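K.L.:
Below: one structure in structure tokens.
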Amino acid sequence: SCIGKERWVLATTTAREDDVLPDDVVDAMNRASQTTLLALREGQQRCIADVNLESSSGTYLSDEGAGDRWLALNHDFLEFLVRDGAGKVTAVFPNLANATLVQSRFPESPFSITTV
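Residues 9 to 124 (the working numbering) make up the sequence shown, in order.
As structure tokens, this is what we get:
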């Protein structure tokens, strides 16, 4: 039966001390986008999602192709919010260079981009 199977799964799953931490950079961004969307759905008018990737990214954002992966992470984060019903999304980047990179790479994105 399903109940027996569920009990078996629960009994064989051991919790780790770091289960609350993201597994990697992509997991961190996915969790940030899901949490942001949840806050917006619960009535928050504005959200700030600040993910510090420098200390936790390992080689993901430091080897060849890192710039493309950084752009893709930003785009996927913002597109997730728009696609899953966050309403109007405006991405505010800390500087003009970052904003311009994302805007030039994804000119027809369904979100707007600005800088501080």
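The beta-carbon is built from N, C-alpha and C at its ideal position, and this holds for glycine as well.
Remember, it's a predicted structure, so these values are computed and weren't measured experimentally.
1. List in chain order: all unbroken alpha helix (DSSP H) runs of 4+ residues lying wholly within the segment 35-108.
2. Does the distance from the C-beta atom of L45 to that of F114 stay below 9 Å?
3. Counting beta carbon pairs with one atom in the segment 72-79 and one in the segment 35-52, are three or more of them shorter than 8 Å?
4. Got a sec, what are the start and stop residues for the beta strand (DSSP E) S120 sits in?
5. Express the C-alpha separation of A57 and L48 in angstroms, rounding to a whole number.
6. Could you check the C-alpha separation between L29 and H83 for me, to the nearest Å?
P.N.:
Per the coordinate set shown:
1. 74-91
2. Residue 45 sits at position 37 when you count from the first residue of the sequence shown. Residue 114 sits at position 106 when you count from the first residue of the sequence shown. Inclusion of L45 and F114 in the CB contact set at 9 Å is not warranted, their separation being larger than that value.
3. By the Cβ test, the segment 35-52 is not in contact with the segment 72-79, since fewer than three Cβ pairs between them sit closer than 8 Å.
4. As a position in the sequence shown, residue 120 is number 112, starting the count at 1. Residues 120-123.
5. The residue labelled residue 48 in the question sits at position 40 within the sequence shown. The residue labelled residue 57 in the question sits at position 49 within the sequence shown. Using only the alpha carbons, I get a separation of about 12 Å.
6. Counting from one through the sequence shown, the residue named residue 29 turns up at place 21. Counting from one through the sequence shown, the residue named residue 83 turns up at place 75. Rounded to the nearest angstrom, the two C-alpha atoms are 23 Å apart.
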